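A.B. asks: Supplied in structure tokens, the structure appears directly below.
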Ligand code: CP
């Protein structure tokens, strides 16, 4: 595997291997000295044209824990604001000598464009491209679900697990990557959103789809994954109003009360507390949200290791 652009590039075995390797990396992450020498001498560049907290910082921590050198590029404050193109930005980083480019961009397909180009020989990791994919988020979510429901030493897939993804599916690269990966690993995936936020595609992304959250929640899902309302990608036609959205599609405290105590709640972040998820739910014992962030570091260590440490 040279690049990680989409979960569709991963076989079931490659996906499970990454989850198992991430659990090995978790053991390093609780040691006093959280460092392995695997990527010593390699340079990893974070190339972020869109804002990020979790993905950018966890890739940076992951690379450093594997002893790589890390440079972080944010479009804001760079020569992109003087009009420098994507091509020239990548060629510039290539000339400095980087082994991996971790790319986030608001346009779908940018990571693949770089990987397919002659601009750079570096491994390209898609850290979120427009509304297309966010493969490392899906892998860390699969890791979190598998560890919570099947045990971290169990090498099994997600067969028999039911996951409901709720909210702004239309604009969500997280929903798309999660639905593709979770189903590949054997889970049943349901989607729930207002009709304006459900993709109108001929090939369904999920096994079940709902326009009513209370109906969806009564269909007994093991995991309820809430999504951020991506206001930056919307116009006024998508939502009739925030209060109405919260009442109809939010995981409110009163809806949460009706869920079985074993139902787990996830959110990729950043959260709009009080809109798609109530604070009481996000901070509850049934919430895996902090665990998702912790697993993000270990999973990204596993991805960097597989792409870079084994080249030789
Ligand atoms: N989940 C996620 O991609 O978060 P960031 O935008 O903070 O990286």
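Numbering (the numbering used here), first residue to last: 3 to 314.
Backbone N, C-alpha and C fix where the C-beta goes; we use that ideal spot for every residue, glycine too.
No experiment lies behind these values; they were computed from the predicted model shown.
Work out the CA separation of residue 122 and residue 314 for me, nearest whole Å.
C.D. replies: Walking along the chain shown from the start, residue 314 turns up at place 312. Walking along the chain shown from the start, residue 122 turns up at place 120. Residue confidence for residue 314 is low, a pLDDT of 46 falling below 50, so the modelled location carries little weight; the figure read from the coordinates is stated next. Going by the C-alpha atoms only, they are around 19 Å apart.
A.B. asks: Extract the residue ranges of the alpha helix (DSSP H) inside the segment 250-286, only unbroken runs of 4 or more that lie entirely within it.
C.D. replies: Whole alpha helix (DSSP H) segments, 4+ residues: 255-259, 281-284.
A.B. asks: Restricting to runs no shorter than 4 residues, where is the alpha helix (DSSP H) found entirely within the segment 170-203?
C.D. replies: Runs of the alpha helix (DSSP H) inside the segment 170-203: 175-186.
A.B. asks: In this structure, how does DSSP classify residue 88 when only helix, strand and coil are distinguished?
C.D. replies: Numbered from 1 along the chain shown, position 86 holds the residue referred to as residue 88. Of the three classes helix, strand and coil, the one that applies to residue 88 here is helix, per DSSP.
A.B. asks: In whole angstroms, what separates the C-alpha of residue 219 from that of residue 289?
C.D. replies: Here the question's residue 219 lines up with position 217 in the chain shown. Here the question's residue 289 lines up with position 287 in the chain shown. So the alpha carbons of these two residues sit roughly 16 Å apart.
A.B. asks: Run through the DSSP bridge pairs and tell me what residue 50 is partnered with.
C.D. replies: Position 48 of the chain shown holds residue 50. In DSSP, residue 50 forms a bridge with 76, 106.
A.B. asks: Under the criterion of a Cβ to heavy atom distance below 7 Å, does residue 134 qualify as lining the ligand CP?
C.D. replies: As a first step, residue 134 must be located in the chain shown, where it is residue number 132. It does not: the Cβ of residue 134 is nowhere closer than 7 Å to a heavy atom of the ligand CP.
A.B. asks: Name the residue from 204, 132, 158, 162 whose alpha carbon lies nearest to the alpha carbon of residue 176.
C.D. replies: Here the question's residue 176 lines up with position 174 in the chain shown. Answer by Cα proximity: 132.
A.B. asks: With DSSP as the reference, identify every bridge partner of residue 167, one or two as the case may be.
C.D. replies: Along the chain shown, read from residue 1 onward, the residue named residue 167 stands at position 165. Its beta-bridge partners are 193, 227.
A.B. asks: Can you tell me whether residue 242 sits near the ligand CP, meaning its C-beta is under 7 Å from at least one heavy atom of the ligand?
C.D. replies: Position 240 of the chain shown holds residue 242. Result no, Cβ not under 7 Å from the ligand CP.
A.B. asks: Use the C-beta contact count for residue 16: other C-beta atoms within 10 angstroms, 16 or more gives buried, fewer gives exposed.
C.D. replies: Locating residue 16 in the chain shown gives position 14, counting from the first residue. It is exposed - the Cβ of residue 16 has fewer than 16 other Cβ atoms within 10 Å.
A.B. asks: Classify residue 314 as helix, strand or coil using the three-state DSSP reduction.
C.D. replies: In the chain shown, counting from the first residue as 1, residue 314 sits at position 312. Note that residue 314 has pLDDT 46, beneath the 50 cutoff, so the model's placement of it is unreliable and no number is given.
A.B. asks: Quick one: Cα of residue 162 to Cα of residue 46, how far?
C.D. replies: In the chain shown, the residue the question calls residue 162 occupies position 160. In the chain shown, the residue the question calls residue 46 occupies position 44. Taking the straight line from one Cα to the other gives about 38 Å.
A.B. asks: Which residue marks the beginning of the beta strand (DSSP E) containing residue 211, and which one marks its end?
C.D. replies: If you number the chain shown from 1, residue 211 lands on position 209. Per DSSP, residue 211 belongs to the beta strand (DSSP E) from 210-212.
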